[in-house]
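Everything in the sequence shown is counted per our numbering, starting at 252 for the first residue and increasing by one.
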Amino acid sequence: MMRDEHFVVLGVARPRTAWLTDIGHWANSSMLPIEFIRCVSIDEVRSRLHSDRRFSAVLLGEDCTGLDRDVIETARDAGCVPIVITDSTPRRDWPALGAADTLTQPVTPHHLLAALREHAIGVDHRSHIATHETSVDSSPTGCLIAVLGPGGSGTSTTAMAIASHLAGQPSRYPESISTRVGLIDASLNADQALLHDLGDVVPGLQELVELHRTANPTKDEVRDFFWFSPRHGYDILPGLRRHRDWSTLRRRTTLAALASIHRSFDFVVADSDADFEGESETGSIDIEDRNLLARELARNADLVVLTARA
């Protein structure tokens, strides 16, 4: 055991999970240089990560209710290393969702300590821990155009016109017969489904974001959430069916979904709102989250088109 080595570790899993009991015993008996804090739910993990206390790592049972990409990224943002405890056959590709490592049950003291030494930092030796952002333009293959403007200024029809024009252009890639254009309805008061006479269709933006909670879909799987408009020649992703549904769009999962869309089309045109206020301007985290789509699309767009009333 290394001198002054000490890790503060969170753990969460279903009740009566054996590895939680084992790690608690190893910590209490000083078999391992850790302070182990057992949490009863993912919500408690989030609460502790948002506190002022520093944690070295969080051990997450893969069968725990609520475990997804957003939880893993929240841990990383707090400088806490996320490690997922899996069965012999993991249910998902956890490293692809952001986990630093996975440990297969049964967990042993040797393997746990090795993982902590490789990935985590003892609380007495922590300085600045770099965190990573999931960016909309991570490894992009397409061009992102954000169309912004207040209601009644022609934002939706302008976005449709741009997408229709781009769909008629020759593809930049030899293997593609035609240019793939995706139109996203990213407005809180979404109306592209109505303008395209799609009706109340499923899936849409909300379902695509939900998919990214626990998966990294392929380009074809992403395109399956779009609806092709033969009249215009592009694919449409219907927006939120109700204004209040913005509350279901978690930040990390939404950014991952936008990144997948960006990689899946030659051009992506976003019909978006023009409200960018966040917590720093308003003091409200709810407003920060509500305006997430508009803010991130404008920040990462290759071209921003503004519409206004005369």
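We put the beta carbon where it would ideally sit given N, CA and C, even for glycine.
Compute the beta-carbon to beta-carbon distance between residue 417 and residue 486, rounded to the nearest angstrom, for a pair I have assumed lies under 8 Å.
-> Not really, about 12 Å apart at Cβ, beyond 8 Å.
Just the Cα atoms here: how many angstroms apart are residue 559 and residue 482?
-> 27 Å
Between the beta-carbon of residue 438 and the beta-carbon of residue 524, is there less than 8 Å?
-> yes
Is residue 419 helix, strand or coil by DSSP?
-> coil
Own chain, CB closer than 7 Å to residue 244, minus 5 neighbours either side, in chain order = Given that the chain is displayed from residue 252 to residue 561, the structure contains no residue 244 and the question cannot be resolved.
By DSSP, does residue 528 sit in helix, in strand, or in coil?
-> coil
From the DSSP output, read off the bridge partner residues of residue 336.
-> 312 and 354
Is residue 478 helix, strand or coil when you go by DSSP?
-> strand
Can you name, in chain order, every residue of its own chain whose Cβ lies under 6 Å from the Cβ of residue 264, other than the five neighbours on each side?
-> 271, 312 and 315
How many angstroms separate the CA atom of residue 345 from the CA atom of residue 471?
-> 21 Å
Do the CB positions of residue 335 and residue 353 come within less than 8 Å of each other?
-> yes
What first and last residue would you give for the alpha helix (DSSP H) that runs through residue 461?
-> 456 to 462
Residue 442 in three-state terms, based on DSSP = coil
Quickly, what does DSSP pair residue 472 with across the bridge? List them, please.
-> Per DSSP, none; premise fails for residue 472.
Alpha carbon to alpha carbon, how far is residue 517 from residue 262? Give it in angstroms, no decimals.
-> 43 Å
Should residue 457 go down as buried or exposed, given a rule of 16 or more other Cβ atoms within 10 Å for buried?
-> buried
Residues that residue 286 bridges to, as DSSP identifies them | 259
Bounding residues of the beta strand (DSSP E) (the contiguous stretch that carries residue 557) = 554 to 557
If we count the other Cβ atoms within 10 Å of its Cβ and call it buried at 16 or more, is residue 501 buried or exposed?
-> buried
Would you mind stating whether residue 529 and residue 542 have Cβ atoms separated by less than 8 Å?
-> yes
With distances taken Cα to Cα, identify the nearest neighbour of residue 554 among 322, 398, 526 and 448.
-> 398
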